[in-house]
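A.B. asks:
Numbering (the working numbering), first residue to last: 401 to 875.
#1: As an exercise, report each continuous alpha helix (DSSP H) stretch of at least 4 residues that is fully enclosed by the stretch 756-837, in chain order.
#2: What number of angstroms, rounded off, separates the C-alpha of residue 547 from the C-alpha of residue 773?
#3: Tell me which residue opens and which closes the alpha helix (DSSP H) that residue 613 is part of.
#4: Which of helix, strand or coil does DSSP assign to residue 555?
#5: With a threshold of 16 other CB atoms inside 10 Å of the CB of residue 843, please say whether the residue is buried or exposed.
#6: Work out the CA separation of residue 496 and residue 684 for me, nearest whole Å.
#7: For the stretch 585-603 and the stretch 556-563, state whether three or more C-beta atom pairs, one from each stretch, are separated by less than 8 Å.
#8: Let me know if residue 799 comes out buried or exposed under the rule of 16 or more other beta-carbons within 10 Å of its beta-carbon.
#9: Does the separation of the CB atoms of residue 681 and residue 655 fall below 7 Å?
#10: Leaving out five residues before and five after residue 529 in sequence, what residues of the same chain have Cβ atoms less than 7 Å from its Cβ?
#11: In whole angstroms, what is the alpha-carbon distance linking residue 797 and residue 621?
#12: Are the CB atoms of residue 822 and residue 618 within a distance shorter than 7 Å?
#13: Alpha carbon to alpha carbon, what distance is there between residue 427 and residue 697?
#14: If you draw a straight line from the C-alpha of residue 747 to the C-alpha of residue 719, how long is it?
#15: Could you check where the beta strand (DSSP E) with residue 604 kicks off and where it finishes?
#16: Less than 7 Å between the beta carbons of residue 710 and residue 757, yes or no?
#17: Would you call the stretch 410-425 in contact with the stretch 469-480, where contact means no fewer than 3 C-beta pairs closer than 8 Å?
#18: With burial defined as no fewer than 16 other Cβ atoms inside 10 Å of the residue's Cβ, what is the status of residue 462: buried or exposed?
#19: Excluding the five sequence neighbours on either side, which residues of its own chain have a C-beta within less than 7 Å of the C-beta of residue 724, listed in chain order?
#20: Please list the terminal residues of the continuous beta strand (DSSP E) segment that includes residue 630.
#21: Comparing C-alpha positions only, which one of 534, 505, 522 sits nearest to residue 494?
#22: My guess is that residue 555 and residue 583 are in contact by the Cβ rule of under 8 Å, so how many angstroms apart are they, rounded?
#23: Pick out whichever of 415, 414, 459 has its Cα sitting closest to the Cα of residue 435.
#24: So residue 703 and residue 760 are in contact, right, with Cβ under 8 Å, and what is the actual spacing, rounded?
#25: Alpha carbon to alpha carbon, what distance is there between residue 604 and residue 544?
#26: Please classify residue 649 as buried or exposed, where buried requires at least 16 neighbouring CB atoms within 10 angstroms.
#27: Taking residue 764 as the reference, which of 501, 662, 591, 673 has the closest Cα?
#28: Report the option in 635, 609, 602, 614 whose CA atom is closest to the CA atom of residue 624.
#29: What is the DSSP secondary structure of residue 500, reduced to helix, strand or coil?
#30: State the Cα-Cα distance for the pair residue 838 and residue 663, rounded to the nearest angstrom.
#31: Counting contacts by CB-CB distance shorter than 7 Å, is residue 437 in contact with chain B?
#32: What's the gap between the Cα of residue 717 and the Cα of residue 677?
#33: Considering only their Cβ atoms, is the gap separating residue 467 from residue 411 smaller than 7 Å?
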């Protein structure tokens, strides 16, 4: 059997394993639900009509179908692709959403609306049991997957001006169970020279290559059936939503660049107001506790205000819980938070770790300065700085800044400006209400990821401050 056939067989077996594991988790979730649902309906359905095999089968199929759809949507079946904690968080979120939905479904089909709190208690216990069992089973699934599926062997090809200190290899090294950069080489003028090495590995990664060479290698990867990883340029992201047209005897692509429609913007604003009001009411005890803790810690102000930039370049005062000492930036200059920043207070370390310091921005959302989902509003001086380096950075201002967003979910606190603008452009060009909802759910997952709040390294802090000093000198 050829190497190509072996790889295809291996990929098919991996896919079969994932499907079997997904089926097992669905059976566990649905079986536990049916056990609880049957007993509850038996006790509270006076006619007994709902206990027929047809109704039971329908309830089972509805729950199983919703579990598969929601869990797949949130990435709960990505056993080998996502990190373990990401998979766990996705599954917990799926179970919580589905069991919460079942409260209202059960009240509706039994007609027992006065038992709302009873439903709530029963399904909450169901959710806790399902969570423990499914997380334990998934942990075993992931351990087995890592043993039977070796990491992809990647051949990285970089360009003449590539910065190997910040290579794409560093990104892959963060997921060692999934990827391994086995070899790195500088791209020669004639890319055909790389064919023998390309054939040896599972995939190729292209880093900072000229357009012509990158295009040639992508075609080679397609021809050989190899995976190709590359960092898209901003223009690549913008044209991803282009339409194929058949007007002439040659392929024609159309990029409309119309932005988000007024109807969608109106619906988005409605949900911003509704969700921020609801969150403020529900989280009011958290606001009170955090405010008291900050005040007792050092007696300073509870809130911290800072000028940020939102839709159309408009400036506004963003509100946060204060997590640093008073006058942390008394010289008026930007001082990005480092990895072990001694300006962060004891309370600040806690609220920053779980993003509670961001909650007062719900007030900004109500006022219309921000949205629930959108690009992160940057400081005025940072916008000016990044725009000098990356003129396309201002494209982020096509929508309101957000409390959460694509870059906040999939990036980190110290993600580079170029990577941030790429992710924000993906959000803007692919916008939909469904994407907003997904990012809101995904935001819960990043609370489990330590690197999402990772501070800047000392080198990055010095780099930013040196840049600002140079700008001051020029002024």
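Using N, Cα and C, we set each Cβ at its ideal position, and we do this for glycine too. For clarity, every value in this text was computed on a predicted model and none was experimentally measured.
C.D. replies: Looking at the atomic coordinates:
#1: Counting only runs of 4 or more, we get 761-767, 780-789, 806-810, 817-829.
#2: Computed Cα separation, rounded: 38 Å.
#3: Run containing residue 613: 611-624, per the alpha helix (DSSP H) assignment.
#4: Strand, per DSSP.
#5: Result: buried.
#6: In a straight line, the C-alpha of residue 684 is about 22 Å away from that of residue 496.
#7: By the Cβ rule, the stretch 585-603 counts as touching the stretch 556-563, because three or more pairs are nearer than 8 Å.
#8: Buried, by the Cβ-count rule.
#9: 7 Å or more divides the Cβ of residue 681 from the Cβ of residue 655.
#10: In its chain, beyond the 5 residues on either side, 432 have a beta carbon closer than 7 Å to the beta carbon of residue 529.
#11: CA-to-CA, the gap between residue 797 and residue 621 works out to about 36 Å.
#12: Not in contact: residue 618 and residue 822 (Cβ atoms no closer than 7 Å).
#13: Approximately 49 Å, taken between the alpha carbons.
#14: In a straight line, the C-alpha of residue 747 is about 17 Å away from that of residue 719.
#15: Element bounds for residue 604: 603-607.
#16: Residue 710 is not a Cβ neighbour of residue 757, given a cutoff of 7 Å.
#17: Counting Cβ pairs under 8 Å, three or more are found: they touch.
#18: Exposed is the call here.
#19: So the qualifying residues of the chain are 743, 744, 745, 748.
#20: Here the beta strand (DSSP E) through residue 630 covers 627-630.
#21: The shortest C-alpha separation from residue 494 is found at 534.
#22: Contact between residue 555 and residue 583 holds: their C-beta atoms lie close to 5 Å from each other, under 8 Å.
#23: The option with the nearest alpha carbon to residue 435 is 459.
#24: Indeed they touch by this definition, with Cβ atoms about 6 Å apart.
#25: If I take the Cα positions, the gap works out to 26 Å.
#26: Exposed, because fewer than 16 other Cβ atoms sit within 10 Å of the Cβ of residue 649.
#27: Of the listed residues, the one whose Cα sits closest to residue 764 is 673.
#28: Nearest C-alpha to residue 624 among 635, 609, 602, 614: 602.
#29: Of the three classes helix, strand and coil, the one that applies to residue 500 here is helix, per DSSP.
#30: In this structure, the CA atom of residue 838 is about 20 Å from the CA atom of residue 663.
#31: This model lacks chain B altogether, as it is built from one protein chain only.
#32: Those two C-alpha atoms are separated by around 19 Å.
#33: Contact: no.
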